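Enquirer: By numbering that gives the first Met the number 0, the letter at position 241 of the sequence shown is numbered 240, and the numbering carries on one by one without gaps.
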Amino acid sequence: MAKGNSFLPNVGKPLREFANLLVDLHDSRFSCEAVHHAIEAFDRERGIRIERYHQTPESILSWIDQEFGGVWSSEAARSGVWVARDGVRRLGFAAYDARGLRFAWLRRLQEDASIGIFGPFGVIPEFRKQGLGPVLLAASMIALAERGYRHALIPAVGPRLVRYYGELTGGLVVDRFPLPCPDRPYRTTVLASGNGSNFQAVIDGVAAGRLPLDVRLLVVNRRDAFALERARRNAIDSRTLVWDRKGVSREAYDDSVLSAVSESNPELVLLLGWMHVLRPDFIEHFPQTLNIHPALLPYDARADRITMPDGEETPVFLGAHAVDDALAAGAGWIGACVHRLSCEVDRGEVLARAPLRVDPTESRDQLDARLHELEHKVLERAILRWTYEFKTLQ
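(1) Would you check if there are 3 or more beta carbon pairs closer than 8 Å linking the stretch 308-318 to the stretch 238-255?
(2) For Lys-128, which of Glu-110, Asp-111, Leu-152, Gly-91 has the nearest alpha-carbon?
(3) Of all the options Ser-196, Leu-210, Gly-115, which has the alpha carbon lying nearest to the alpha carbon of Gly-229?
(4) Can you look up Cys-336 in the DSSP assignment and give me helix, strand or coil?
(5) Identify the continuous alpha helix (DSSP H) that holds Leu-370 and give its terminal residues.
(6) If the criterion is Cβ atoms closer than 7 Å, does the pair Asp-80 and Ala-97 meet it?
(7) Roughly how many angstroms separate the alpha carbons of Leu-378 and Ala-353, rounded to a whole number?
(8) Assign Phe-176 to buried or exposed, taking buried as 16 or more other Cβ atoms, counted over all protein chains shown, within 10 Å of its Cβ.
(9) Compute the beta-carbon to beta-carbon distance between Ala-335 and Pro-293, rounded to the nearest angstrom, for a pair I have assumed lies under 8 Å.
(10) Where Ala-327 and Leu-366 are concerned, what is the direct C-alpha to C-alpha distance, given to the nearest angstrom?
(11) Which runs of the beta strand (DSSP E) spanning at least 3 residues fall entirely within the stretch 259-291, listed in chain order?
(12) Determine which residues share a DSSP beta bridge with Phe-117 and list them.
(13) Take the Cβ of Asn-264 as the centre, count every other Cβ of all protein chains shown within 10 Å, and call the residue buried at 16 or more, exposed below.
(14) Here's a check: name, in chain order, each residue in its chain whose Cβ is nearer than 7 Å to the Cβ of Val-34, leaving out the five neighbours to either side.
(15) Could you compute how far the alpha carbon of His-338 sits from the alpha carbon of Leu-217?
(16) Kindly indicate which residue of Arg-221, Thr-188, Arg-183, Ala-191 has the alpha-carbon position closest to the one of Gly-208.
(17) Since Leu-271 and Phe-198 should fall inside the 8 Å C-beta cutoff, what is the C-beta to C-beta distance between them, to a whole number of angstroms?
(18) Taking the C-alpha atoms as reference points, what is the distance between Ile-282 and Glu-343?
(19) Does the beta-carbon of Arg-384 have 16 or more other beta-carbons within 10 angstroms, so that it is buried, or is it exposed?
(20) Residues bridged to Phe-17 by DSSP?
(21) In angstroms with no decimal places, state the Cα-to-Cα distance between Leu-178 and Phe-17.
(22) In three-state terms, what does DSSP make of Gly-170?
(23) Do you know how far the Cα of Val-241 is from the Cα of Asp-280?
(24) How about Val-201 and Asn-19: are their beta carbons less than 7 Å apart?
(25) Strictly by DSSP, which residues pair up with Tyr-52?
(26) Would you list the one or two residues that DSSP bridges to Thr-306?
(27) Who are Thr-188's beta bridge partners in DSSP?
(28) Grouping DSSP H, G and I as helix and E and B as strand, with all else coil, what is His-150?
(29) Would a C-beta distance cut-off of 7 Å place Asp-42 and Arg-51 closer than the cut-off?
(30) Can you tell me which residues form a DSSP beta bridge with Ala-351?
(31) Compare the Cα-Cα distances from Thr-188 to each of Gly-86, Leu-373, Leu-289 and report the closest residue.
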């Protein structure tokens, strides 16, 4: 087997230290009366309404994706949320009481039933330092107390924000840690069918030290897939498995794909433009399989429609022709999403996603170029999200 494309840590560079803060929800800073007056003042004096949702609506989740990078919405989807908006747009949000998260840094404190999780939390740049953030933060602390928690956990706080949260909440640091980084890169196999631009994005992320992966094998199902040339240039082993539909049964072909992937013994499988539906036993063999899809997929896998940041509701576009279907339907948005592979096509758990507004004045090539750029970003965020969660399984 060739050497492959492996993550090389930045030797000598100190790892950024993060912290978990624990907040006493009975602290006098969290006065219901004071927060209520502050919310009323924003409405009366500035026309900014601050509203609470016990479960975050889909339109707010897609707005969070648009404004804050495509990962936070997966946490907010499991939370209640406070949202601030004026008459034109949303200005900020604070989520609270997320449940079912699997991040490694939550492992020790998450089992304590007296602790509720705060965050994620964000304010758009032009409204920062105007007092909106502290009100959203305090309102979330009160919401956690109302749900019966005695403490709030503010998790994975970066060095520059520890003081900010400490001053606003009285929270104390209870853990310090670098973001989970494996002692070795994770063995990874990629399946692709075409150009392989997302495959290249993974290769580049690995080479730059951003993705802790050891890309050992590329499997393609088309002889003319340019992804093969990308593998050759980067000394990554490759296998070409073309399905001869006249001479080979689907079962036999799927056996050959399963066998080829098994030989590389992957911890992570990435489907990056792989145009062949894999059978259920592939998922049984490789449960850590992620797929990239050119559409915004909902967090509710049963949903057939999804709401975009501006309130436009569109069908959920599944399958190999999602972009074509969206444009044919006159949708104002497309998007990018990375999800766990499931037995239903494009219906697995979402790890990262982002919407992309369609510009009717641009060509299809221009739209595709913007989509590919977005896919590369979402893919990297999803892989990092996966590494933070996979650490809890080891």
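Heads up, the beta-carbon is just placed ideally off N, CA and C, and yes, glycines get one too.
Note that this is a predicted model, so its numbers are computed, not measured.
Expert: Looking at the atomic coordinates:
(1) Contact between the stretch 308-318 and the stretch 238-255 is absent: fewer than three C-beta pairs spanning the two stretches fall below 8 Å.
(2) Indexing the sequence shown from 1 puts residue 128 at position 129. From the listed residues Glu-110, Asp-111, Leu-152, Gly-91, the smallest Cα separation to Lys-128 is found for Gly-91.
(3) Mapped onto the sequence shown, residue 229 falls at position 230. Note that residue 229 is Arg in the sequence shown, not Gly. Nearest to Arg-229 by C-alpha distance, out of Ser-196, Leu-210, Gly-115, is Ser-196.
(4) Working through the sequence shown from its first residue, we reach residue 336 at position 337. Correct three-state label for Cys-336: strand.
(5) Looking up residue 370 in the sequence shown gives position 371. Its alpha helix (DSSP H) spans residues 363-389.
(6) The residue you call residue 80 lines up with position 81 of the sequence shown. The residue you call residue 97 lines up with position 98 of the sequence shown. Looking at the sequence itself, residue 80 is Val, so the reference to Asp does not match. Contact flag unset, no.
(7) Here residue 378 refers to the residue found at position 379 of the sequence shown. Here residue 353 refers to the residue found at position 354 of the sequence shown. Straight-line Cα distance between these residues: approximately 10 Å.
(8) Here the question's residue 176 lines up with position 177 in the sequence shown. That one is exposed.
(9) Taking the first residue of the sequence shown as 1, we reach residue 335 at position 336. Taking the first residue of the sequence shown as 1, we reach residue 293 at position 294. Taking the Cβ atoms as the reference, Ala-335 lies roughly 6 Å from Pro-293, within the contact range of under 8 Å.
(10) Taking the sequence shown and counting its residues from 1, the one referred to as residue 327 is at position 328. Taking the sequence shown and counting its residues from 1, the one referred to as residue 366 is at position 367. Between the alpha carbons of Ala-327 and Leu-366 lies a distance of about 14 Å.
(11) Taken in chain order, the whole beta strand (DSSP E) runs of length 3 or more contained in the stretch 259-291 are 267-270.
(12) In the sequence shown, the residue the question calls residue 117 occupies position 118. In the DSSP output, where bridge partners are listed per residue, Phe-117 has Tyr-95.
(13) The count along the sequence shown starts at 1 and reaches residue 264 at position 265. Asn-264 should be labelled exposed.
(14) The sequence position of residue 34 within the sequence shown is 35, counting from 1. The beta carbon of Val-34 is closer than 7 Å to those of Val-134, Ala-137, Ala-138, Ile-141 in its chain, skipping five residues each way along the sequence.
(15) Along the sequence shown, one-based indexing puts residue 338 at 339. Along the sequence shown, one-based indexing puts residue 217 at 218. Here the C-alpha atom of His-338 lies approximately 20 Å from the C-alpha atom of Leu-217.
(16) For this step, residue 208 is matched to residue 209 along the sequence shown. For the options Arg-221, Thr-188, Arg-183, Ala-191, the alpha carbon positioned closest to that of Gly-208 is the one of Arg-183.
(17) Sequence index remark: in the sequence shown, residue 271 carries index 272 (1-based). Sequence index remark: in the sequence shown, residue 198 carries index 199 (1-based). At roughly 5 Å, the Cβ-Cβ gap stays under 8 Å, so Leu-271 and Phe-198 are in contact.
(18) Locating residue 282 in the sequence shown gives position 283, where the first residue counts as 1. Locating residue 343 in the sequence shown gives position 344, where the first residue counts as 1. Distance between the alpha carbons of Ile-282 and Glu-343 is about 11 Å.
(19) The sequence position of residue 384 within the sequence shown is 385, counting from 1. Counting of Cβ neighbours within 10 angstroms places Arg-384 among the buried residues, the total reaching 16 or more.
(20) Reading the sequence shown from its first residue, position 18 is the one you call residue 17. Answer is Phe-176, bridged to Phe-17.
(21) As a first step, residue 178 is located in the sequence shown; it is residue number 179 there, counting from the start. As a first step, residue 17 is located in the sequence shown; it is residue number 18 there, counting from the start. Near 7 Å, if we compare the C-alpha coordinates of Phe-17 and Leu-178.
(22) For the purposes of this step, residue 170 is taken as the residue at position 171 of the sequence shown. The answer is coil: DSSP assigns Gly-170 none of H, G, I, E or B.
(23) In the sequence shown, the residue the question calls residue 280 occupies position 281. In the sequence shown, the residue the question calls residue 241 occupies position 242. In this structure, the alpha-carbon of Asp-280 lies about 20 Å from that of Val-241.
(24) What you label residue 201 is simply residue 202 of the sequence shown in a count that begins at 1. What you label residue 19 is simply residue 20 of the sequence shown in a count that begins at 1. No, the pair does not count as a contact, with Cβ atoms beyond the cut-off.
(25) As a first step, residue 52 must be located in the sequence shown, where it is residue number 53. Looking at the DSSP assignment, Tyr-52 forms a beta bridge with Val-80.
(26) Residue 306 sits at position 307 when you count from the first residue of the sequence shown. Under the DSSP definition of a beta bridge, Thr-306 partners with Glu-312.
(27) The residue you call residue 188 lines up with position 189 of the sequence shown. The partner list for Thr-188 (beta bridge, DSSP) reads Leu-216, Val-268.
(28) Taking the sequence shown and counting its residues from 1, one reaches residue 150 at position 151. In the structure shown, His-150 adopts extended strand secondary structure according to DSSP, grouped into three states.
(29) Within the sequence shown, residue 42 is the residue found at index 43, counting from 1. Within the sequence shown, residue 51 is the residue found at index 52, counting from 1. Taking 7 Å as the Cβ cut-off, Asp-42 and Arg-51 do not qualify as a contacting pair.
(30) Within the sequence shown, the letter at position 352 stands for residue 351. In the DSSP assignment, Ala-351 forms a beta bridge with Val-337.
(31) Reading the sequence shown from its first residue, position 189 is the one you call residue 188. When C-alpha distances from Thr-188 are compared across Gly-86, Leu-373, Leu-289, the shortest belongs to Leu-289.
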